[in-house]
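The next block holds one structure in the form of structure tokens; read it before the comments.
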Amino acid sequence: MATLTINGERYELDVPDNMPLLWVIRDVVGLKGTKFGCGMSQCGACTVHLNGTAIRSCVTPVSAASGEITTIEAMADDPVGSKVQQAWLDLGVAQCGYCQGGQIMNATALLKRTPNPETGEIVDAMAGNLCRCGTYNRILAAIERASGKEGEA
Amino acid sequence: MSADDKLLIANVSRRRFLMGLAGGSALVLAARWDVALGGNEKAQFGAGAMPGGWVDDPNVFIHIEADGIVTIVNNRSEMGQGIRTSLVMVGADELGADWDQVRVEQAEGDHSKYGNQNTDGSRSMRHWYQPMRRAAAAARQMLEQAAANEWGVPVSEVQAGVHTIIHTPSGKELGFGDLAAKARELDVPGRNALVLKRDDELRFVGKETGLINGELKSAYPKAIDGEDIVTGKAVYGADVPFEDLLYAVIARPPVYGATVGDFDDTEALKVPGVEKVLQVEGTGQPAGFSPLGGIAVVASNTWAAMEGRKALKIDWNLKPAGDNASYTSAAYRESLEKAAEQPGKVVRQHGDLDTALENASERVSATYYMPHMAQAPMEPPVATVRIKDGKAEVWAPVQNPQATRDTVAGRLGLDAKNVTVHVTLLGGGFGRKSKPDFAIEAASIAEAFKGRPVRLQWSREDDIHHAYYHAVSVDYLEAGLDNNGQATGWLHRTLSPSIGSLFAPDPKHKGEFELGMGFNTMPFSVPALRLENPPAPAHVRIGWFRSVYNLPHAWAIQSFAHEMAVAAGKDHRDYVLDLLGPDREIHNLTVGDGWNYGEDPDLHPIDIGRMRKVIERATSEAGWGKSPGKNRGLGLAFHHSFVSYTAIVFDVEVDDQGELIIHRADIAFDCGPQANPERIRSQLEGAIVMGIGIALQSEVTFEDGVAQQGNFDKFLIPRMPDAPKTLRVHLVDNPDEAMGGVGEPGLPPVAPALCNAIYAATGKRIRRLPVGDQLKA
């Protein structure tokens with residue numbers, strides 16, 4: 001039995017302790033914005049926030065997920081998250097879009113920690129998030145835009 | 001002037017009919033309205049030659065409700081190319097719709113209703129631009145007629161504005177919503193009565209918006225799925241909600257062609273959540289789109305199914321795999337290199353090559369290697385199937401929904417009309433999701449759970465271990481140069497397993513469409529030339545990968561042209577412009593290519609002038625000729641594919657430790673008319689990044705038939721630090737040509753341009769991809 005708080009809602013769930021948070025969120029709770037890409041913390045598509053920190057839900061056992069879990073579905077209500085989303089829309093970042101929820105979660109965590117990151121800090125912070133469509137230059141520009149810097153792709 | 005006349009002028013008459021070529025006269029005799037349909041729609045070419053052809057009925061594609069909401073049906077799969085935005089925008093523009101009141105509806109898989117839906121070959125816009133324009137023009141004219149009837153005025157006095165119809169003399173207006181019901185009752189105007197908008201009447205088509213080389217011109221009109229994507233609401237293959245869903249994974253044979261010998265599911269069935277274990281039949285070799293077979297584990301959630309699979313004990317029978325079970329990449333590469341030393345099947349030749357090479361004052365030769373790669377879309381294959389009352393429903397991210405429908409029906413023994421395929425968003429495709437094998441697998445499992453939906457999920461390891469791999473290739477080239485460095489002879493032998501091996505006994509030679517991807521269509525003007533294709537057997541499933549055989553052909557030819565320029569002591573750009581020869585149009589039949597991407601060779605010859613212009617544009621934007629500085633160099637490559645033209649220049653630095661820094665990429669691109677330049681730019685940006693991965697990182701190798709990479713820790717693809725620091729897209733405007741493809745043609749020249757830049761910076765020639773740690777040696 002696990003007790004989770006996801007996007008401010010409490011869930012009492014009958015799931016094994018070692019079940020990855022990703023599958024709890026997707027298959028048990030039913031929130032589908034968090035994606036499966038690799039299952040081994042290589043791609044970042046499953047990124048959620050645990051107490052404000054970006055984590056890979058595909059390798060986080062549900063038993064280790066104590067605290068406030070936030071997913072992409074709640075970012076529109078987050079002041080930083082919504083800014084990041086708007087920058088993504090303004091610059092037409094997404095191609096297929098599958099990885100972009102994870103990218104936005106990671107970028108939002110970065111901007112909460114470091115509101116005005118240097119370009120190099122952004123590149124380092126985002127290196128764990130894969131995008132097979134290759135939208136990195138626009139992701140970088142969107143993060144700079146959300147942080148108040150002019151976007152430069 | 002009628003719309004048809006305009007189409008004629010835009011797409012046909014400016015092209016000289018016939019260039020005195022065999023088979024040409026048949027083309028000219030096309031029926032009047034067939035020609036009038038323009039561009040790519042003659043029955044024997046383009047959209048008209050595709051299964052299902054094209055449809056331009058407004059009642060199929062455009063629906064307007066009383067509240068004014070316009071719904072446009074998109075019949076092509078969305079995999080990141082932006083077709084749901086771009087094609088709908090084309091319709092909305094011609095219709096005169098307010099973008100904020102436009103919605104998109106995704107068509108189910110049904111060629112008989114929606115025309116061809118096979119989303120590959122960079123065909124969506126070039127095949128559907130004109131049918132969509134016509135459907136929307138017809139709908140607009142029906143709205144205009146309905147308004148004229150309403151006001152009792154001649155239709156010549158009414159005109160569409162934005163989401164309204166205006167009575168010009170009085171200024172009276174009626175909204176689209178007000179007129180929708182009346183318009184629907186009217187007859188659809190005939191094609192000859194359609195009047196398409198003039199270019200200056202269009203608000204979206206061909207207009208530059210969005211982010212242009214670092215500057216945001218306008219964030220409007222927004223991508224149709226943009227909001228859903230950034231808020232996590234967009235529905236991909238695994239996101240369709242169901243009440244009573246079962247989750248499945250399959251353990252597949254590790255070697256292509258192997259089968260299940262024996263299995264023990266005792267421990268798997270003990271895993272909490274696992275409900276059933278069952279065998280899925282494979283169909284042996286060649287596999288086509290059929291499942292590979294294996295053991296499925298069905299559970300109450302994805303993770304339980306994966307845990308159950310780990311607990312299976314399976315003895316695989318390798319015997320049916322034959323020599324696939326000894327397929328080892330290093331040995332295979334050696335065997336191809338050896339085969340490349342011998343003459344092969346001649347596919348194109350002219351002049352006396354042997355004499356030209358013998359008499360050459362200098363001979364240059366090189367062998368190039370490109371490995372297997374997996375498409376590895378971020379969304380691994382996934383499909384959900386529910387079988388109920390003799391009908392099957394499929395929800396899946398597939399590029400070819402009609403093939404999905406047909407093959408699932410075949411597997412289940414159903415009539416295709418009893419199979420419905422709902423196409424979700426694709427989390428990337430790149431050719432992987434052209435093959436509906438995963439939907440057939442899901443259907444096979446769902447048969448055991450009649451009435452309940454079953455979702456089959458592939459893991460990343462499944463995806464990379466059981467891909468339809470990009471063909472491994474060896475290309476040998478040899479050229480003779482005269483004492484001025486000019487090419488007098490050109491020999492090219494290309495060796496790759498064929499995609500034909502997927503559907504028939506291994507042909508061991510490339511098929512026409514494979515050779516036609518930049519091999520026999522090689523555009524250089526050389527007095528003596530011979531192109532050969534020695535045999536290469538397939539030992540794994542070979543499949544389409546974005547831009548397909550253009551990748552190895554461009555890689556080898558564009559690297560080799562640079563080697564020739566170096567040998568001649570000439571500037572690379574000047575040398576290749578000279579090698580291309582004078583501006584002219586090469587008809588594909590004259591170079592032994594009967595395919596031409598399915599397009600009419602009169603409308604789509606290989607135009608050397610257009611090739612030259614993209615080379616000139618990319619090089620001038622990149623500052624070609626400037627002194628790049630220590631450890632730094634510029635590299636050029638270009639390629640014609642999918643009836644479009646691409647040239648790219650990289651500016652790179654390789655430091656003393658062998659670290660590569662990609663400072664900048666300038667890509668110039670000519671696809672003829674640009675429907676949505678904003679998404680064209682994004683496709684080219686993405687192609688550059690993907691191409692960097694092909695050059696530097698991506699490789700699947702085999703040992704005894706087993707793929708040695710299974711996830712992104714070993715199958716490497718670019719990450720943000722690998723992207724160019726600056727990336728510039730230069731669109732060469734060419735609205736009077738016939739439309740070319742966009743999704744794929746950006747990719748082929750990327751890897752050779754990058755390796756040519758590495759040579760310019762270091763003097764180190766890369767002939768084996770990926771570069772990996774070769775710069776550190």
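Chains as they are written, first to last, in UniProt numbering: chain A, 1 to 153; chain B, 1 to 777. C-beta: ideal position from N, C-alpha, C; glycine also. Since we're looking at a predicted model, the values are computed, not measured.
Q. Sorted by chain position, which residues of the same chain lie with C-beta nearer than 6 Å to I615(B)'s C-beta, five sequence neighbours on each side aside?
A. F638 and A647
Q: Enumerate, from N- to C-terminal direction, the unbroken alpha helix (DSSP H) stretches of 4 or more residues contained entirely within the stretch 407-466 of chain B.
A: 437-446 and 460-465
Q | Proximity of V454(B) and A305(B) at Cβ, strictly below 8 Å | A | no
Q. Taking all protein chains shown into account, do 16 or more other C-beta atoms lie within 10 angstroms of the C-beta of S682(B), making it buried, or fewer, making it exposed?
A. Buried: at least 16 other Cβ atoms inside 10 Å.
Q. Are there 16 or more other CB atoms within 10 angstroms of the CB of E358(B), so buried, or fewer, so exposed?
A. Exposure of E358(B) is indicated by the presence of fewer than 16 other C-beta atoms within 10 angstroms of its C-beta.
Q) Within 10 angstroms of its Cβ, does N116(A) collect 16 or more other Cβ (buried), or is it exposed? A) exposed
Q. Candidates A695(B), R76(B), V255(B) and H63(B): which alpha carbon is nearest D722(B)'s?
A. A695(B)
Q: Using the Cα positions of D4(B) and Y129(B), report the straight-line distance between them to the nearest angstrom.
A: Unreliable placement is indicated for D4(B), whose pLDDT of 38 sits below 50; no coordinate value is reported for it.
Q. Could you give the distance in angstroms between the alpha-carbon of V24(A) and the alpha-carbon of S496(B)?
A. Distance between the alpha carbons of V24(A) and S496(B) is about 44 Å.
Q: Classify M378(B) as helix, strand or coil using the three-state DSSP reduction.
A: Here DSSP, grouped into helix, strand and coil, assigns M378(B) to coil.
Q: Would you tell me roughly how many angstroms separate the C-alpha atoms of E208(B) and A675(B), rounded to the nearest one?
A: 10 Å
Q.
Within 8 Å of any Cβ in chain B, is that where the Cβ of E68(A) sits?
A. no
Q. Is S361(B) helix, strand or coil when you go by DSSP?
A. Of the three classes helix, strand and coil, the one that applies to S361(B) here is coil, per DSSP.
Q: Ignoring anything shorter than 3 residues or poking outside the stretch 616-685 of chain B, list the beta strand (DSSP E) runs there in chain order.
A: 632-641, 644-654 and 660-670
**Q.** DSSP three-state assignment for T266(B), whether helix, strand or coil
**A.** Helix.
Q. Hey, is residue 858(B)'s beta-carbon within less than 8 Å of any beta-carbon in chain A?
A. A question about residue 858(B) goes unanswered here, because the residues of chain B that appear run from 1 up to 777.
Q. Under 8 Å between C-beta atoms, does E152(A) make it to chain B?
A. Any answer about E152(A) is weak, because its pLDDT of 45 lies below 50 and its placement is not dependable; what the coordinates show is given next. At least one chain B Cβ lies under 8 Å of E152(A).
Q) Which term fits K435(B), buried or exposed, when burial requires 16 or more other beta carbons within 10 angstroms of its beta carbon? A) buried
Q. How big is the Cα-Cα spacing for I139(A) and G33(A)?
A. One alpha carbon belongs to I139(A), the other to G33(A), and they sit about 18 Å apart.
Q: Given a cut-off of 8 Å, decide if H167(B) and F176(B) are closer than it, judged by their beta-carbon atoms.
A: In this structure, H167(B) does not lie closer than 8 Å to F176(B) by Cβ.
(Q) Whole angstroms are fine: how far does the CA of D225(B) sit from the CA of T85(B)? (A) If you draw a straight line from the Cα of T85(B) to the Cα of D225(B), it is about 8 Å long.
(Q) Report the CB separation of L577(B) from R530(B) in whole angstroms; it is logged as a contact under 8 Å. (A) In fact, because the Cβ distance is near 24 Å, the residues do not count as touching under 8 Å.
Q. Since T119(A) is in the alpha helix (DSSP H), which residue starts that stretch and which ends it?
A. T119 to M126
Q) Three-state secondary structure (DSSP) at T85(B)? A) Helix at T85(B).
Q. Rounded to the nearest angstrom, how far is the Cβ of I741(B) from that of V643(B), given a contact under 8 Å?
A. In the sequence on display, residue 741(B) carries Gly and not Ile. At roughly 6 Å, the Cβ-Cβ gap stays under 8 Å, so G741(B) and V643(B) are in contact.
Q: Kindly indicate which three-state DSSP category A31(B) falls into: helix, strand or coil?
A: Confidence at A31(B) is low in this model, with a pLDDT of 32, below 50, so the placement of that residue is unreliable and no value is reported for it.
Q. In the stretch 460-514 of chain B, which residue ranges form an unbroken beta strand (DSSP E) of at least 3 residues, counting only runs that do not cross its ends?
A. 473-481 and 487-495
Q.
By DSSP's criteria, K388(B) is part of a beta bridge. Which residues make up the other side?
A. K391(B)
Q. Does DSSP put T231(B) in a helix, a strand or coil?
A. coil
(Q) Please identify, using Cβ separations under 9 Å, the residues of the stretch 597-626 of chain B that lie next to chain A, in order along the chain. (A) The stretch 597-626 of chain B vs chain A, Cβ under 9 Å: nothing.
Q. Straight-line CA distance for V84(A) to A376(B)?
A. 27 Å
Q | Proximity winner among V750(B), L716(B), K113(B) and K570(B), relative to D773(B) (alpha-carbon distances) | A | L716(B)
Q) Listing by chain order, which chain A residues have their CB less than 7 Å from the CB of V689(B)? A) G134 and Y136
Q. How about the stretch 3-21 of chain A and the stretch 218-235 of chain B: do they share at least three Cβ pairs that are nearer than 8 Å?
A. no
Q. If you measure from the beta carbon of P718(B) to each beta carbon in chain A, is any gap under 8 Å?
A. yes
Q. So N74(B) is in the beta strand (DSSP E); what residue range does that whole segment cover?
A. V70 to N74
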